[in-house]
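Structure first, commentary second.
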Amino acid sequence: MLRLKENPVEWIKFTGVMGLSANLILWMLWWNAILPSMLLLAGIGLALLALGASFVRPRWFRGFYRGGMTVSFHIGQTFGKLLLVLFFFLLVMPMGLLLRLLGKDLLKIKINPEDATHWHPAKNNREFDRMF
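Residues in the sequence shown are numbered from 76 upward in steps of one, following this note's numbering.
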């Protein structure tokens, strides 16, 4: 279960960050001549109005904070899993297959029949402050 901070300062910060993000998107649309300048100014004014209202009445923005954080959490979980799957199938698995085809045994799993024992002598390291 997702645990959110029930602190009005967090609600104000979230409102400010969301307003800034929305204004950055509006500015990029205006910069590429997709959005008229009046809509950009209206967006800036609306964001400033919301930020001012969140300072005066932070309780009004509690639901906005909770909804936004819940949606952001689930988007992050989904993209995190997707990136891990891509990392595994595009990097780890091909590297493992290539190493297997080349006959590499990086973990020294293969048993050497010439050895009498599989014992590896311990390293005698006297410098305990620099173990690695």
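By construction, the Cβ of each residue, glycine as well, lies at the ideal position given by its N, Cα and C atoms.
The beta carbon of Leu-77 sits closer than 7 Å to the beta carbons of Thr-145, Phe-148 from its chain, once the five residues preceding and following it are set aside; these are given in chain order. Taking C-beta atoms as the reference points, Leu-182 and Leu-174 fail to come closer than 8 Å. Your pair Ala-122 and Asn-98 checks out as a contact, with CB atoms roughly 5 Å apart and the cut at 8 Å. 8 Å or more divides the Cβ of Arg-134 from the Cβ of Leu-79.
When rounded, the separation of the alpha-carbon atoms in Leu-115 and Val-92 is 17 Å. Bounds of the alpha helix (DSSP H) holding Met-103 are 83–106.
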